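Undergrad: If you read the sequences in order, they're chains A, B and C. Here numbering that gives the first Met the number 0 is used: the first residue of the first sequence is 0, the next is one more, and so on. Here numbering that gives the first Met the number 0 is used: the first residue of the second sequence is 0, the next is one more, and so on. Here numbering that gives the first Met the number 0 is used: the first residue of the third sequence is 0, the next is one more, and so on. Cβ coordinates follow ideal geometry from the N, Cα and C atoms, glycine included. Predicted model only: the values in this text are computed from it and were never measured.
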Amino acid sequence: MNFTLFDLKIIEYSFFITAILVIMIGLYGALVKKSLIKVVIGLSVFDSGINLLLISVGYITSGTAPIFSPALVKDMPLTLENIKKLSAGMVDPVPQALVLTAIVIGFGVTAVALSLVIRLYRHHQTLNIDEIKNLKW
Amino acid sequence: MVGSPVLFIAVPLLAAFLIPLLGMIWKESIRILPGLVLLYMLVLAVTLLGQVMHTGTIVEIIAGWKPPWGINLVFSPFTGVLATLMIGMGFIIWIYSYRFKNVDFEEAKKYFILFMMLVTGSVGIVLTGDIFNQFVFIEITSISAYALTAFYKHRDSAEASFKYLMIGSLSSMFLLLAIILIYSQLGTLNMADIASKAHLMKPEFKILAVIFFIVGLGIEAEIFPLNGWAPDAYAQAPGPVGAAFAGIVVKAGVYALIRIIFTLFDVSGTHQFLIVIGLTTLIISEMAAIRQERLKRMLAYSSLGQMGLVLVAFGIGTEEGIFAALFLLINHAIGKSLLFLSGSYLVYNSADKYINETNGMGKFLPITSFLFALGALAVVGMPPFSGFWGKFFMMSAAAHANMLLVIALILSVSLIELVYYFRVVNRIYFYKKESHIEPKKPTVNAVIAMVTLGVIILVIGFYPDVISGYLHQASQALLDKGKYIQDVLSTGQLLTH
Amino acid sequence: MNMIYILFSLMFGGAILTFLAHKVSGLLRDILFVLTILASTVLFYTKIHTGDAVDFSISGLPLQWGINAYGRIFSLIVLGLGVMASFYSVSYMKGKERLGYFYFNFLISLISMMGILMSHDLVSFFIFWEMMTWSSYFIVIYNGKHVQRSGINYILFSALGAYAMLMAIVMVYAHTQSLMIQDMMQAFPFFPVAYKVWLPILFLTAFGVKAAMMPLHVWAPDAYSDSPMAYTSVFSGALSKMGIYGMIIVFVTMVNYLPDDTWFRETIAWLGAITAIMGTLWAIAQDDARKLLAWSSVAQLGYIITGVAVGTPLAMLSALFLSVMHALFKGTLFMAVGAIEKQTGTTKFNEVTGLIRKMPWTFISSLLAIIALAGIPPLGGFVGKWMLYESLINSNHYILVIAIFFASTSAFLYCYKFLFGFFLGQEEKEWEQVKEAPALMVLPMLIMATLLLVFGVFPGIVLNPIDLGMQTLGFSTTAGTFWSMSGLFNEWGNQVMLQPLVYAIGGTFLFFLILLTVKGFKETRYVTTKDISSSGEVPLEHENLTFSEGFYQPFLRAVWPVMKRRMMSYYQGFGQGMEAFFDYLRRVYSGNGQTYAIYVLVFVVILLLFKNSLFG
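1. Can you give me the Cβ contacts of L21/B inside the same chain, cut-off strictly under 8 Å, excluding the 5 residues immediately before and after it?
2. Please identify, using Cβ separations under 9 Å, the residues of the segment 15-27 of chain C that lie next to chain B, in order along the chain.
3. For G123/B, I'd like the list of residues in its chain whose CB is within less than 6 Å of its CB, leaving aside the five on either flank, ordered along the chain.
4. Buried or exposed for G505/C, going by 16 or more other Cβ atoms inside 10 Å?
5. So, for G207/C: in the same chain, excluding its five sequence neighbours on each side, which residues have a beta-carbon less than 6 Å away from its beta-carbon?
6. Assess, as a yes-or-no matter, whether the segment 320-338 of chain B is touched by the segment 467-478 of chain B under the definition of 3 or more beta carbon pairs within less than 8 Å.
7. Should W491/C go down as buried or exposed, given a rule of 16 or more other Cβ atoms within 10 Å for buried?
8. Span of the beta strand (DSSP E) holding W64/C?
9. Go through its chain and collect everything with a Cβ distance to D182/C's Cβ below 6 Å, but skip five positions before and after it.
10. Return the chain-ordered list of same chain residues with a C-beta closer than 7 Å to the C-beta of V346/B, the five sequence neighbours on each side being excluded.
11. Taking its Cβ as the centre, do 16 or more other Cβ atoms sit within 10 Å of S331/C, making it buried, or is it exposed?
12. Please name the residue, chosen from L451/C, M386/C, G344/C, Y388/C, that lies closest to F421/C on a Cα-to-Cα basis.
13. Counting only beta-carbon atoms, is I605/C nearer than 9 Å to chain A?
14. What residue from A18/A, I22/A, I24/A, I36/A has the CA that sits closest to A112/A's CA?
15. Please state the DSSP three-state secondary structure of G492/C.
16. From which residue to which residue does the beta strand (DSSP E) around S56/C run?
17. Could you check what DSSP says for R30/B in three-state terms: helix, strand or coil?
18. Should I19/A go down as buried or exposed, given a rule of 16 or more other Cβ atoms within 10 Å for buried?
19. Between S489/B and G114/C, what straight-line distance do the alpha-carbon atoms span, to the nearest angstrom?
20. When the Cα atoms are used, what is the spatial distance from Y120/A to S114/A?
21. DSSP beta-bridge partners for N189/B?
22. In the segment 339-394 of chain B, which residue ranges form an unbroken beta strand (DSSP E) of at least 3 residues, counting only runs that do not cross its ends?
23. For F614/C, go through chain B and note every residue whose CB falls closer than 7 Å to its CB, in chain order.
24. Quick check on DSSP: helix, strand or coil for M200/B?
25. For the alpha helix (DSSP H) containing V116/A, list its first residue and its last residue.
26. Could you list which residues in chain A have their beta carbon closer than 8 Å to that of Y588/C, in chain order?
27. Using CA coordinates, which residue listed in V251/C, M241/C, F189/C is at the minimum distance from W128/C?
28. Let me know the secondary structure DSSP gives M89/A once reduced to three states.
29. Kindly indicate which three-state DSSP category S118/C falls into: helix, strand or coil?
30. Kindly indicate which residue of I366/B, A350/B, K250/B, Y300/B has the alpha-carbon position closest to the one of V450/B.
31. Under 8 Å by Cβ, that's how I've got I66/C and T49/C pegged, so tell me the actual separation to the nearest angstrom.
32. According to DSSP, is M484/C helix, strand or coil?
33. Could you check which residue in L418/C, P464/C, L445/C has the C-alpha nearest to that of T346/C?
34. Note down, in chain order, each residue of its chain lying with its Cβ closer than 6 Å to the Cβ of T109/A, except the 5 sequence neighbours on either side.
35. Which chain B residues sit within Cβ distance under 9 Å of L155/C?
36. What number of angstroms, rounded off, separates the C-alpha of K335/B from the C-alpha of S413/B?
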């Protein structure tokens, strides 16, 4: 595949722009929608946006997976220079590890949130967030 | 070496997962196991603390990945003092809640699992030397805190928990954003490494990261515009959990915020910002607290205010100020926990937990009422109880830093605090009991826990030297950023050779 | 171990033991209580000498306890009154609830007063000051009457004062790096001007609250009248003197070094005088003896404050002398009211009358105390007031003299009301069965009343220790010069032998008193209040015809314009306004999770917008 420089920029920025758009959509859902379900959806969309952003930090256009497979290494001796050379085209693995963790956490939070929504519905017979205001001041 | 800091994370986490398994064999074990674990941790923490005071910081490398790549745990005098405090509070709260949900095995099991996770997460936040790891611990703490807040099914606790969750998720988003910013700039997640390289960041990115950290951790540390969830969560959670929030969780949040501001970045103006935001939190919370009609909400607002005061003390930024802040922190952990623990017995059988339902309890629950009064005296800072010393050191630190206006503001707000605490104490002792309220006698283990806290208040009050030596070292450790960086990074080098 | 440690351990241990003994046996508790006070009094006067001191440190703060001659003057008041009140309260409190609590706090407040007198450093001073506050607070609310009003008012004002003091203390500490009161005194002349002005103001706020000085006095009448009378004698007699104790230190060590101290002294002196006038007027208006005495305490403290503020050696001497006398006579009077309350169950003038034959000993001691209070020779009060007038005139405060004189003369009105209302007048059927109070209550009153007489006749007994104390404060010795400064002392103070003339006057007075009493005793017909009829109208059973009803109405109508502006109402308005404001403010916690989330975002946006000015 051949990319022009312009294409590369577009691809690199498109991640950021998409991520920020997703974050905005998530925030909108969490802050403006009155239904608790939608609020929860908004929160998890927000979460996904952040994860996307995190991934895109470590992304290198047309980079390879950060694996030192035997095919890649061949018979090169593992000196520092060789490792540097090999890893230059690799995507940074740390953000991916972080995102995995963050996704798990986000999953847990969403699960708790949904179970709370069920409980709230049983208790208040409504999902409208404006009507669930027994605790205030 | 008696043990290493990694046990503070591994043992309670293991215990949390063992609880349901052991529960199948012997039902009582779900209550005993957390206590044994916490007691072990407490002994370990005290021993390690004594050791650290003489030999210096212990840095533990996890899984052989040396800093700055791997995760490391730092048991310095500063983190050690906080971890010991949290574990100690955890142990006392365990004693208190030993008979919690005595008849309902399933509920009790959930409670103890979540409680162990809460303690693990909080201790982890304090001990870890890696910001992403810290984020994970914050999430562990938060998720168990959401679940514990929603523990009672019949109250409005789900509502409180949902608010907590909403704001808590926002907090984790902002933390992640800040972590992304740092990682994209510096390519490292190790705190010491970040601290040593912070000057390499572009200034605007650095400030952005600091702002995101302040927002994300400020939610955990309950600073003013970010703490809307806190009073609900404190008030709706079960009594021991409220005490754990005040004594353990919020301390971890404050620690994280302080670590970011003091060690990671040296952005100018953060100290003044801490003072301003702390004062705002203090003033608004106390003003809200005096108008509360429900006991636990009042305690919750008061707790927010006290944490604001702690932030002000940290914001002074001198060694004396940090010493005072730690003193206030410890006093708040002990005093406010005592208030939550005894307060929840005072309003045990009332549905709405109104303050006037504590009327006349002094006659029926003499020990509980007495301890509540003692806790109130300690929290408002009456000598010769522990709170006074914190207040005095704080004031003198502020005076040395020439912040007379801050002193005047804090003292005038303290008057408000004094009024509402004494109003409650008056009600407990000198009002006629509401006829429909049936007083509930505390169980023996609850009495032991509360009396222990009361004794600690008296001991620190009469002889503050028991802790002040540790706290002095701790505050020096926080201020000495170079030593922290060197301690952590040199362990890495030592391992390479 | 040093005797000072032993003293404090003894008192503390006694307090805790008394508290615990309450659970075991009432008698043991009473014995322990009295023994603790007696033993520490004996220990203090036999084993601890002026100039003793111990050094120690807490958490790196060097502290020092010790006693000097100045503190000793006040220790006379505290321990003397404490011993009397301890005997009295054993009998007075018999049969009441929560006695362990009461005695514990009683002892703690005595300990803390001794602690204040023995603190040579500011931190222990403050600690004892706050301990005194909360222990007395717990006694103020002991009766359970108006706890939310009088109790909270008391603690709020005390804390206001205490925090002002704390602020002053940390200012001093930050500036001198030392906590010793001695160092503060020496360093004060070299402080920056702002400190020189603020420190005395802050300290005087603290001491003014306890001494019930004018705008800070509003807690006093309620707190004095609501606490049990056994303690009020100590409260009004000794505890309020701690304010005077501190004030004198402030005036001697600080105000003297102000660049221009006249305005300062004048202000405080006038505040004292206004306190005296208003206290007197309000005392006259009261129908309840406890309230009357409470307001009268405020008024008397006003004189003392004026004396302190004027600050000439003679004025200082008079203030100290009046402090001792006030402790004695107000202690006696509160005890007398307590005795009446114990025997009749009420302290209202318009309910109980004619007790003179039922409670003669109480009457005698009240009479002596009232004479002293009114400042009539030959009792102690007269000597003090005379010195005060003289010092005011000598220092050219003529208007002040008029004000003080007005207050002092008006005081006769309430003195008369007190005596007449309770003891004289018709005897009511209702009170026929009333007996004299138990001996344990009467004896302390009689002893103190006798002391008033003795000190009035031989003021030198009290003036000698006061003189020693004043030398500690830096006044030159007054023993040699006072006799020439005060015309009074030529007759009364210096000479132990009274002049025959005085004997003659006294003897004649006594003769006629006895003659008239005996004569009157035989010829009096005792009637009740209902035993009247005018124009054929017979009063109804429920009509209150006691003469104390509506006493001094014309006088009060005349002074009403002065009295109607009550300080209390301003404070109340302020307090209500604040609470309404707080109530409005707490609505930021709207209860809606989304609102809180928006707060978070707004906070972020604000931080981002102002990031350059915040973290630039």
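TA: Well, looking at it:
1. In the second sequence, counting from the first residue as 1, residue 21/B sits at position 22. Cβ within range, chain order: S28, I29, L32.
2. Along the segment 15-27 of chain C, there is no position whose C-beta sits under 9 Å from a C-beta of chain B.
3. Position 124 of the second sequence, counting from 1, holds the residue named residue 123/B. So the qualifying residues of the chain are I8, F136.
4. In the third sequence, counting from the first residue as 1, residue 505/C sits at position 506. Classification for G505/C: exposed.
5. Residue numbering aside, residue 207/C sits at position 208 when the third sequence is read from its first letter. Non-local beta-carbon contacts of G207/C in its own chain, meaning distances under 6 Å to residues more than five positions away in sequence, involve L215 in chain order.
6. Contact between the segment 467-478 of chain B and the segment 320-338 of chain B is present, because at least three Cβ pairs lie under 8 Å.
7. Position 492 of the third sequence, counted from the first residue, corresponds to residue 491/C. Note that W491/C scores a pLDDT of 45, beneath 50, so its modelled location is shaky and nothing firm can be said.
8. Counted from its first residue, the third sequence places residue 64/C at position 65. It spans 60-65 - the beta strand (DSSP E) in which W64/C sits, taken as one unbroken run.
9. Locating residue 182/C in the third sequence gives position 183, counting from the first residue. Excluding sequence neighbours, D182/C sits near T175.
10. To locate residue 346/B, count along the second sequence from 1; it is residue 347. These residues qualify, in order along the chain: L294, K352, E356, T357.
11. Locating residue 331/C in the third sequence gives position 332, where the first residue counts as 1. Checking the sequence shown, residue 331/C turns out to be Thr, not Ser. With a threshold of 16 other beta carbon atoms within 10 Å, T331/C meets it and is buried.
12. Position 422 of the third sequence, counting from 1, holds the residue named residue 421/C. Considering only alpha carbons, the answer is G344/C.
13. As a working note, residue 605/C is residue 606 in the third sequence. For I605/C, the answer is no, since every Cβ of chain A falls outside 9 Å of its Cβ.
14. The count along the first sequence starts at 1 and reaches residue 112/A at position 113. Of the candidates A18/A, I22/A, I24/A, I36/A, the one whose C-alpha sits nearest the C-alpha of A112/A is I36/A.
15. Here the question's residue 492/C lines up with position 493 in the third sequence. Per-residue confidence for G492/C stands at a pLDDT of 45, beneath the threshold of 50, marking its modelled position as unreliable; no derived number is given.
16. Along the third sequence, one-based indexing puts residue 56/C at 57. S56/C -> beta strand (DSSP E) spans 52-57.
17. Mapped onto the second sequence, residue 30/B falls at position 31. If DSSP states are grouped into helix, strand and coil, R30/B belongs with the helices.
18. Here residue 19/A corresponds to residue number 20 of the first sequence, with the count starting at 1. The residue in question, I19/A, is exposed, as its Cβ has fewer than 16 Cβ neighbours within 10 Å.
19. As a first step, residue 489/B must be located in the second sequence, where it is residue number 490. As a first step, residue 114/C must be located in the third sequence, where it is residue number 115. When rounded, the separation of the alpha-carbon atoms in S489/B and G114/C is 53 Å.
20. In the first sequence, counting from the first residue as 1, residue 120/A sits at position 121. In the first sequence, counting from the first residue as 1, residue 114/A sits at position 115. Put simply, the backbone Cα of Y120/A is about 10 Å away from that of S114/A.
21. What you label residue 189/B is simply residue 190 of the second sequence in a count that begins at 1. Note: N189/B sits in a beta bridge opposite D129/B.
22. Entirely contained in the segment 339-394 of chain B, not one beta strand (DSSP E) run reaches 3 residues.
23. To locate residue 614/C, count along the third sequence from 1; it is residue 615. Within chain B, the residues near F614/C are I206, V209, V266, S267, G268, T269.
24. What you label residue 200/B is simply residue 201 of the second sequence in a count that begins at 1. Reduced to three states, the DSSP call for M200/B is coil.
25. Within the first sequence, the letter at position 117 stands for residue 116/A. Per DSSP, V116/A belongs to the alpha helix (DSSP H) from 92-123.
26. The sequence position of residue 588/C within the third sequence is 589, counting from 1. Contacts between Y588/C and chain A, judged by CB atoms closer than 8 Å, involve K135, W136 in chain order.
27. The residue labelled residue 128/C in the question sits at position 129 within the third sequence. Just measuring C-alpha positions, the residue of V251/C, M241/C, F189/C sitting nearest W128/C is M241/C.
28. The residue you call residue 89/A lines up with position 90 of the first sequence. It is a strand residue.
29. Against the third sequence, residue 118/C aligns to sequence position 119. If DSSP states are grouped into helix, strand and coil, S118/C belongs with the strands.
30. Counting from 1 along the second sequence, the entry for residue 450/B is found at position 451. Of the listed residues, the one whose Cα sits closest to V450/B is I366/B.
31. Locating residue 66/C in the third sequence gives position 67, where the first residue counts as 1. Locating residue 49/C in the third sequence gives position 50, where the first residue counts as 1. Going by Cβ atoms, the distance from I66/C to T49/C rounds to 6 Å, so yes, they are a contact pair.
32. In the third sequence, the residue the question calls residue 484/C occupies position 485. Confidence in M484/C is poor, its pLDDT being 41 and thus under 50, which makes the residue's placement too unreliable to answer from.
33. By 1-based counting over the third sequence, the position of residue 346/C is 347. Put simply, of L418/C, P464/C, L445/C the residue whose alpha carbon is nearest the alpha carbon of T346/C is L418/C.
34. As a first step, residue 109/A is located in the first sequence; it is residue number 110 there, counting from the start. Taken in chain order, the residues that qualify are S43.
35. Position 156 of the third sequence, counted from the first residue, corresponds to residue 155/C. Neighbours of L155/C on chain B, chain order: L414, L417, V418, F421.
36. As a working note, residue 335/B is residue 336 in the second sequence. As a working note, residue 413/B is residue 414 in the second sequence. If I take the Cα positions, the gap works out to 15 Å.
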